[in-house]
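Before any comments, here is the structure.
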Amino acid sequence: GAGVSQSPRYKVAKRGQDVALRCDPISGHVSLFWYQQALGQGPEFLTYFQNEAQLDKSGLPSDRFFAERPEGSVSTLKIQRTQQEDSAVYLCASSLLRRGTGGPRQFFGPGTRLTVL
Amino acid sequence: KQEVTQIPAALSVPEGENLVLNCSFTDSAIYNLQWFRQDPGKGLTSLLLIQSSQREQTSGRLNASLDKSSGRSTLYIAASQPGDSATYLCAVRTGANNLFFGTGTRLTVIP
Numbered sequence: 039g040a041g042v043s044q045s046p047r048y049k050v051a052k053r054g055q056d057v058a059l060r061c062d063p064i065s066g067h068v069s070l071f072w073y074q075q076a077l078g079q080g081p082e083f084l085t086y087f088q089n090e091a092q093l094d095k096s097g098l099p100s101d102r103f104f105a106e107r108p109e110g111s112v113s114t115l116k117i118q119r120t121q122q123e124d125s126a127v128y129l130c131a132s133s134l135l136r137r138g139t140g141g142p143r144q145f146f147g148p149g150t151r152l153t154v155l
Numbered sequence: 231k232q233e234v235t236q237i238p239a240a241l242s243v244p245e246g247e248n249l250v251l252n253c254s255f256t257d258s259a260i261y262n263l264q265w266f267r268q269d270p271g272k273g274l275t276s277l278l279l280i281q282s283s284q285r286e287q288t289s290g291r292l293n294a295s296l297d298k299s300s301g302r303s304t305l306y307i308a309a310s311q312p313g314d315s316a317t318y319l320c321a322v323r324t325g326a327n328n329l330f331f332g333t334g335t336r337l338t339v340i341p
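Chains as they are written, first to last, in the numbering used here: chain R, 39 to 155; chain H, 231 to 341.
Printed below as a string of structure tokens:
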């Protein structure tokens, strides 16, 4: 079956350019997450959506980072005025919603590797 | 803030050996713990998920244990194969919905 897809897979930007990264979650998955993975590090949380609502954006490193999910399915992560320190792999994950303790499995996309020159 | 540590950072073993990867976390108030596999240039593949009320999970040659009170988890891989070569990440979910990841263990299985 179709998993989480992301595009583009690779993006090279000049410092100061704006970029937009796309995530298509698994159909029917209510929750959507963005993570940033620097080279040699584990992924770090950026932001979380439940349907179209952005419930947590505490991990966004600066106001240059903006995410949206207007119809509760596809999500876009936008980075304005890119800097060299933004170079990383950006991972998207989706999951079903299960309330209470425990938690559903998160399924990850292949990521977008962003290089800022 | 939850801190997740994985040791060793890298491990190289001959094919057929059994091995253990370690993960520790500082805040024991977790909802669940997941072990992932990451191949170079690829995303994350979920291997096992252990809910906070569980002690272990098994899938094929993989067995993961969880000791929440001591903040530790282990991933046991039996009869390792070259195809097991990858980076293994553990991640915990706390009260927030997101996951906190360790930095991973890079495993190489030598034929």
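The C-beta atom is built at its ideal place from N, Cα and C for all residues, glycine as well.
- In this structure, the straight-line span from the alpha carbon of R:Y128 to that of H:S310 is close to 30 Å.
- Across the structure, H:T235 and R:V42 are spaced so that their CA atoms are roughly 27 Å apart.
- Near chain H, meaning a CB-to-CB distance below 9 Å, the residues of the segment 88-103 of chain R are Q88, L93, D94, S96 and G97.
- Contact of R:P108 with chain H is not assigned, every C-beta pair being separated by 7 Å or more.
- The closest CA to that of H:L274, considering only R:D94, R:Q88, R:A105 and R:W72, is found on R:W72.
- By the criterion of a C-beta distance shorter than 7 Å, H:D314 is surrounded in its chain by I307, L337 and V339, once the five residues flanking it on both sides are discounted.
- Just so you know, the alpha carbons of H:R285 and H:E245 end up roughly 28 Å apart.
- Note on the segment 44-97 of chain R: whole beta strand (DSSP E) runs with a minimum of 3 residues are 48-51, 57-62, 69-75, 82-88 and 91-94, in chain order.
- The Cβ of R:G66 sits no closer than 7 Å to any Cβ of chain H.
- If you draw a straight line from the Cα of H:N328 to the Cα of R:G97, it comes to about 10 Å.
- Boundaries of the beta strand (DSSP E) harbouring H:Q281: L274 to Q281, taken from the DSSP string.
- A Cβ-Cβ separation of about 7 Å places R:L59 in contact with R:Q44 under the 8 Å criterion.
- Short of 6 Å from the beta carbon of H:L305, and not among the five residues preceding or following it, lie these beta carbons of its own chain, in chain order: L251, W265 and A294.
- Below the 9 Å Cβ cutoff, chain H contributes no neighbours of R:S132, its closest Cβ being approximately 12 Å away.
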